[in-house]
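Report on the following structure.
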Amino acid sequence: MAVSLRSPFDRDIARLAVPAVGALAAEPVYVLTDTAIVGRLGTPQLGGLAVAATLVLTGYSVFIFLAYGTTGTVARLLGAGQVDRAAAQGVQALWLAAGVGVSLAALGLVLAEPAVALMGADPEVTPFALTYLRISMAGVPSLMLVLAGTGYLRGLQDTRTPLVVAVGSAVANLLVELVLVFGLDLGIAGSAWSTVLAQTGAAAVYVSIVARHVRGAAVSVRPDRAALRALAAVSRDLFVRTAALRASLLVATAVAARTGVVELGAHQVAFELWSFLALVLDAIAIAGQALVGRLLGAGDADGARSASRRMVEWGVAAGLAFGLAVLALAGALPRLFSDDEQVVGVAASLLVWVAVLQPVNAMVFVLDGVLIGAGDLRYLAWAMTLAALAFVPVAVGVRLLDLGIHWLWAAISLLMVVRLVSLGRRWRGGAWAVVGAELAR
């Protein structure tokens, strides 16, 4: 594949991808802010936050399909010139998000205690974890609305507004949290409530944006059963894909935890850097969702293929750059996370795996975004399930045979390579490039 220095798609990719990085960081930024403030309340409070935030972020990651599914659907309708239907799709996405959010919040309240217990929290930590988790459930419906609203705007080729909303809500969270935690002395409860309020404000902004578009398009705001069923079908496939991915990563953490304390600490350092770089690379995938969806909706299959090829080139270039940077800084980066020389040493060796895998990760994330934008969701679900089925037995074998942390990262490499092979074959085959206003099934 010849690589050109310039492409007519470069401007669109940059316009979509650069602001997407900030919006992707919204929920992690909430947790980082909470961590910085709660850490000053005491070690038990910080431990409680760590347990509760892990559960909340896991739910956030699994239900990211509310954004991804909406993006591809709306982008196709926009490309087909059916702006009114795109606005209607935004309304139905909000209804689906509200239903999922309320159900998830209720389930979270019921299962709060067993979930915290399953995390193995210390008795001193448990009350604080339960306090934060239970209060956080009040913000889950808003968080789901934010995901759907973000997906709607991305489908309209607007990633700048989600960035503005994300930055605004993060700043609001910080200011309100300082007042509630220290000014009103509410402790960890104040931290949770500030996040709930910030999420609610962000959700209100997205609802108002969709409402404005609906008024301009004269679209009904009532739930549409047929539209909701179609969205649910899209969401089902994306849920399977995301759940298989999250389950694989949880298995990796569980194996690392049983390998040794030092190894677990080193794994966490390597995985945090892996996750941060994935956040940046995922922005190109979001550009893929929006741009490919619009081009296919407009009937331009050749344009969609060309744009996807250019995004793969962007991804490989970014992956190579990140990989070289991680290799160069492998000795220094772990010291940002730990003072333990043993942890630092093992983490530095694990960063070689992280570095080498960056180009692979980049291609996987970009192709994932391209196929989501094309609506090739059932294939994505099967491909991720296949990768998980390849990874989990190997990871368990690493634990049973006590092969060590490097063999675990070899298994993680297998996970990504299987994903790359399956997604790459699908992309090169071209069966995903189905044109028209409706998502491919």
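Here the sequence shown stands for residues 1 to 441, where the numbers follow the working numbering. We put the beta carbon where it would ideally sit given N, CA and C, even for glycine.
For residue i, which option in the options has the closest C-alpha, if you only look at C-alpha atoms?
| i | options | result |
| --- | --- | --- |
| Ala17 | Pro123, Gln82, Gln289 and Leu415 | Gln289 |
| Ile286 | Arg399, Leu264 and Thr71 | Thr71 |
| Leu175 | Arg241, Ala36, Gly42 and Gly81 | Ala36 |
| Phe322 | Gly404, Leu351 and Arg310 | Leu351 |
| Glu124 | Val251, Gln45, Val262 and Val394 | Gln45 |
| Ser275 | Ala138, Ala355 and Leu401 | Ala355 |
| Gly430 | Ala332, Ala304 and Gly108 | Ala304 |
| Leu109 | Val214, Leu55, Ala330 and Leu296 | Leu55 |
| Gly47 | Val219, Ala328, Tyr206 and Ala129 | Ala129 |
| Leu327 | Val140, Leu273 and Val165 | Leu273 |
| Arg258 | Asp302, Thr161, Leu281 and Ile405 | Ile405 |
| Phe182 | Gly319, Ser413, Leu420 and Leu41 | Leu41 |
| Ile13 | Leu295, Ile412, Ala410 and Ser413 | Leu295 |
| Val205 | Ala192, Pro162 and Asp302 | Pro162 |
| Ala411 | Ala86, Ala252, Ala53 and Arg11 | Ala252 |
| Gly90 | Asp10, Ala218, Ala148 and Asp376 | Ala148 |
| Trp432 | Trp409, Leu371, Arg378 and Leu403 | Leu371 |
| Ala247 | Gln199, Thr385, Val171 and Leu77 | Thr385 |
| Gly190 | Thr33, Ala437 and Arg425 | Thr33 |
| Ile135 | Ala244, Leu49 and Arg222 | Leu49 |
| Ala254 | Arg15, Gly120, Gly168 and Arg11 | Gly120 |
| Ala243 | Ala218, Leu281 and Ser61 | Ser61 |
| Val262 | Ala233, Ala348 and Ala330 | Ala348 |
| Leu357 | Val219, Ala166 and Leu281 | Leu281 |
| Ala256 | Arg15, Ala233, Ala105 and Asp402 | Asp402 |
| Val214 | Gly168, Leu245, Tyr152 and Ala166 | Tyr152 |
| Ala233 | Ser220, Gly260, Gly101 and Asp376 | Asp376 |
May I have the straight-line CA-CA distance separating residue i from residue j, to the nearest angstrom?
| i | j | result |
| --- | --- | --- |
| Asp84 | Gly216 | 9 Å |
| Ser7 | Ala307 | 9 Å |
| Leu249 | Leu367 | 20 Å |
| Leu180 | Ser142 | 20 Å |
| Gly265 | Trp407 | 16 Å |
| Leu107 | Leu145 | 17 Å |
| Met137 | Gly39 | 21 Å |
| Asp158 | Met311 | 18 Å |
| Glu341 | Ala395 | 26 Å |
| Val344 | Val392 | 27 Å |
| Thr446 | Gly81 | With the chain covering only 1 through 441, there is no way to say anything about residue 446. |
| Arg229 | Thr73 | 13 Å |
| Thr195 | Gly139 | 8 Å |
| Thr131 | Ala23 | 27 Å |
| Ser103 | Ala374 | 29 Å |
| Arg154 | Leu118 | 36 Å |
| Val360 | Gly369 | 14 Å |
| Ala388 | Gly59 | 19 Å |
| Val164 | Thr126 | 36 Å |
| Asp300 | Val435 | 7 Å |
| Val346 | Leu320 | 23 Å |
| Trp353 | Val398 | 16 Å |
| Leu414 | Asp185 | 49 Å |
| Arg419 | Gly187 | 44 Å |
| Arg428 | Arg309 | 10 Å |
| Phe365 | Ala52 | 28 Å |
| Asp224 | Ala332 | 55 Å |
| Met416 | Phe9 | 27 Å |
| Leu197 | Leu133 | 15 Å |
| Arg425 | Trp409 | 24 Å |
| Leu291 | Ala192 | 36 Å |
| Ala112 | Gln199 | 20 Å |
| Arg378 | Arg160 | 30 Å |
| Leu329 | Leu245 | 28 Å |
| Pro114 | Asp122 | 13 Å |
| Val167 | Leu57 | 18 Å |
Could you check how far apart the C-beta atoms of residue i and residue j are, in whole angstroms? I think they sit under 8 Å.
| i | j | result |
| --- | --- | --- |
| Ser422 | Ala383 | 4 Å |
| Ala227 | Gly79 | Not quite, the Cβ-Cβ distance comes to about 19 Å (not below 8 Å), so this is no contact. |
| Ala526 | Gly293 | Absent from the model: residue 526. The displayed extent of the chain is 1 to 441, so no value can be given. |
| Ala381 | Arg241 | 5 Å |
| Ala20 | Ala283 | 4 Å |
| Leu156 | Ala86 | 7 Å |
| Gly201 | Ala170 | At roughly 11 Å, the Cβ-Cβ gap does not stay under 8 Å, so Gly201 and Ala170 are not in contact. |
| Gly69 | Leu231 | 7 Å |
| Leu77 | Ala437 | 5 Å |
Quick one: does the C-beta of residue i sit closer than 7 Å to a heavy atom of the ligand COA?
| i | result |
| --- | --- |
| Val91 | For the ligand COA, the structure offers nothing, since it holds no ligand at all. |
Using a C-beta cutoff of 8 Å, does residue i count as contacting chain D?
| i | result |
| --- | --- |
| Leu377 | No chain D is part of this structure, which consists of one protein chain only. |
The stretch 65-73 in contact with the stretch 203-214 per 3-pair CB rule at 8 Å: No, because fewer than three Cβ pairs between the stretch 65-73 and the stretch 203-214 fall closer than 8 Å, the two stretches do not touch.
Between the stretch 309-326 and the stretch 235-243, can you find at least three pairs of beta-carbon atoms closer than 8 Å? A contact is defined here as three or more CB-CB pairs under 8 Å, and the stretch 235-243 fails this definition with respect to the stretch 309-326.
Inter-stretch contact at 8 Å, needing at least 3 Cβ pairs: the stretch 81-98 / the stretch 174-194: Cβ pair count under 8 Å is below three, so no.
Determine, using beta-carbon pairs with one atom in the stretch 261-271 and one in the stretch 325-339, whether at least three such pairs fall under 8 Å. Contact between the stretch 261-271 and the stretch 325-339 is present, because at least three Cβ pairs lie under 8 Å.
Which complete alpha helix (DSSP H) runs does the stretch 300-340 hold, if anything under 4 residues is left out? Every alpha helix (DSSP H) stretch that sits fully inside the stretch 300-340 and reaches 4 residues is listed by chain position as 301-328.
What are the start and end residues of each continuous beta strand (DSSP E) run of 3 or more residues lying completely inside the stretch 148-180, in chain order? Segments of the beta strand (DSSP E) lying fully in the stretch 148-180: there are none.
Identify every run of the alpha helix (DSSP H) within the stretch 75-152, keeping only runs that are complete inside it and at least 4 residues long; order them along the chain. Secondary structure within the stretch 75-152: the alpha helix (DSSP H) runs of 4 or more consecutive residues, fully enclosed, are 83-118 and 126-136 (chain order).
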